[in-house]
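Just below is one structure, and these are the notes that go with it.
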Amino acid sequence: MDKRGFIKVVSVAMLGAGLWFAAVAPSVAATTPPTLKGVTVVGPAEVKKIQDAGGAIIDTRVTVEFTEKTIKGAKGVFYREKSPKDVNFDASIDSFDLGKLPADKSVPVVFFCNGAECWKSYKAAVLALKAGHTKVYWFRDGLPAWIKAGLPTQ
108 MDKRGFIKVV
118 SVAMLGAGLW
128 FAAVAPSVAA
138 TTPPTLKGVT
148 VVGPAEVKKI
158 QDAGGAIIDT
168 RVTVEFTEKT
178 IKGAKGVFYR
188 EKSPKDVNFD
198 ASIDSFDLGK
208 LPADKSVPVV
218 FFCNGAECWK
228 SYKAAVLALK
238 AGHTKVYWFR
248 DGLPAWIKAG
258 LPTQ
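Using the numbering used here, the first residue of the sequence shown is number 108, and each one after it goes up by one.
Written as structure tokens, this is what we have:
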């Protein structure tokens, strides 16, 4: 291969790598943070205990996902997301009905969606905390972790 051919091959490889990174980088950057100030991050066993004690389990995913499969006994309060997947999101352009949460703001409320890449439960937990709910839990690993733990779905 001559020098010109080598340069073409390297250029194509670099372009391909750049396109791959551009496609993958947003999903990597969009992973939710591991913690949320003022909110307790919980796993499947803790969610089950909260549910058994009378806490509200809130599925923030879209209707079709909720209908297909959810945590047994969960309530669908869907978070319609238009804001960026970022800790500094603008809730004013999103839609979430806080009125569907328990009126008693001391009732434990657990929010979940499709795992650490899904921001809907993160954002809902932030809004519930700002609205005065005092026992806010975030099931960051969401439905996939619940299913993996062998816990009941509907």
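Every residue gets a Cβ at the ideal spot worked out from N, C-alpha and C, and that includes glycine.
Reference residue i; option with closest CA among the options
i    : options                : result
T142 : Y229, P151, H240       : Y229
N195 : R168, T174, W226       : W226
I254 : V184, G206, V154, G161 : V154
G206 : A238, T177, F219, V148 : A238
Q261 : H240, K144, G162, D166 : D166
Residue i, DSSP secondary structure in three states
i    : result
F185 : coil
L143 : strand
F128 : Its pLDDT being 45, under 50, F128 is placed unreliably in this model, and the value from its coordinates should be taken loosely. In the structure shown, F128 sits in a helix (DSSP, three-state: H, G or I).
Per DSSP, cross-strand counterpart(s) of residue i
i    : result
W245 : V148, F218
D166 : G183, F219
Alpha carbon of residue i to alpha carbon of residue j, nearest angstrom
i    : j    : result
Q158 : I164 : 7 Å
A235 : A152 : 22 Å
L258 : V214 : 22 Å
K182 : P140 : 24 Å
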